[in-house]
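So for the sequence shown, this note's numbering puts the first residue at 139; every next one is plus one.
Glycine included, C-beta positions come from ideal geometry on N, C-alpha and C.
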Amino acid sequence: MEQRIEKVLKNLGKRNISAKFFKTKEETREAILKEIKEEMSVGIGGSMSVKELNLYEDLIKAGNQVHWHWLSEPSKMSETRRIAATSDIYLTGTNAITEDGELINIDGVGNRVASMFYGPQKVIVICGINKICSDLISAIDRIKNEACSKNANRLNLKTPCAVTGQCTDCQSPERMCNITTIISGRPMEIDLQVYIVGEKLGF
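Structure (structure tokens):
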């Protein structure tokens, strides 16, 4: 795994994407909190990885304005997503990262993936070692047959994958595989940073 992580970090660098490695969740959490100044507004995408780092309360205590639709009233979720997308710094996970250094994501609404490459001034993408895949095909397979089914269950969505755990490329009204993005290099107007964590995080 150590050689695999080194390969990912090296290839992210070749793509002009800043990348760092942290052994533990706690080290990652501390580094993120140091990166965020009190005057910064913070947007958070729908991310179990971010949730597992328990950043929200500390950011609020530090005086940051934090915009996270998971904590909004249902009627205000869309507005919160839009505000988060223009924050000074945006925190999110990634569904998968290839050994070649590409970030692969699948989204239902699209706010999370769009905010990774346009809108915020800086984006920090958090990636546990469970998200590292050998190539694009295995990354998409991992997302559709592991991450999406777990998220569908978490959200109580009425999709086949929530029942079977396998993607059937359904056309359900609650389908979450609506938008697929591949980030192959640093977006021109975004300070994109990837934090690889030496533990499992998220789905």
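Cβ of residue i within 8 Å of Cβ of residue j?
i: R153; j: E237; result: no
i: L241; j: I321; result: yes
i: I235; j: K269; result: yes
i: G266; j: L330; result: no
i: H207; j: A222; result: yes
i: L147; j: I170; result: no
i: T166; j: V301; result: no
i: L191; j: I264; result: yes
i: S156; j: D226; result: no
i: C286; j: C308; result: no
i: S276; j: T297; result: no
i: N289; j: F341; result: yes
i: L197; j: V188; result: no
Put residue i into one of helix, strand or coil per three-state DSSP.
i: N243; result: strand
i: C286; result: helix
i: S156; result: strand
i: Q141; result: helix
i: C299; result: helix
i: D226; result: coil
i: G151; result: helix
i: A200; result: coil
i: I174; result: coil
i: T218; result: helix
i: S210; result: coil
Whose C-beta lies closer than 7 Å to the C-beta of residue i among residues of the same chain, with five residues either side of it excluded?
i: G201; result: E176
i: F255; result: I321, P325, I328
i: E342; result: Past the boundaries of the shown model lies residue 342; the chain is included only from 139 to 341, so the question cannot be answered.
i: K145; result: E237
With which residues is residue i paired in a DSSP beta bridge?
i: H205; result: G181
i: Q331; result: S156, I262
i: T318; result: I244
i: A169; result: In DSSP, A169 forms no bridge with anything.
i: G231; result: I264
i: T236; result: C271
Within a Cβ cutoff of 6 Å, which residues of the same chain sit near residue i, ignoring the five residues on either side of it in sequence?
i: G257; result: A223, T224
i: N291; result: A300
i: D245; result: V251, I317
For residue i, I'd like the list of residues in its chain whose CB is within less than 8 Å of its CB, leaving aside the five on either flank, ordered along the chain.
i: G248; result: N316, I317
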